[in-house]
């Protein structure tokens, strides 16, 4: 998976986590906030661990030509 797609997906997961946090606060279920945070962290770790990034994407363009 390209690094840019991973970053976009990570940002979307964080946004979903913030929305979930706001919903939990609004409904008065603060006891579930730890579970929500753990879920978001585990999803992000799983995303980064299970889909490797091509090394060519992380190296500068000049280094690739050589």
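Numbering (the numbering used here), first residue to last: 1263 to 1328. From the three backbone atoms N, C-alpha and C, an ideal C-beta is built for every residue, glycine too.
Only residues of its own chain outside the window of five on either side were considered, and among them 1302, 1305, 1306 have a CB closer than 7 Å to the CB of residue 1275, listed in chain order. Contact annotation, residue 1268 with residue 1310: C-beta distance approximately 7 Å; criterion of less than 8 Å satisfied. Taking the Cα positions, residue 1271 is about 26 Å away from residue 1288. If you check the CB distance, residue 1279 and residue 1295 do not come in under 8 Å.
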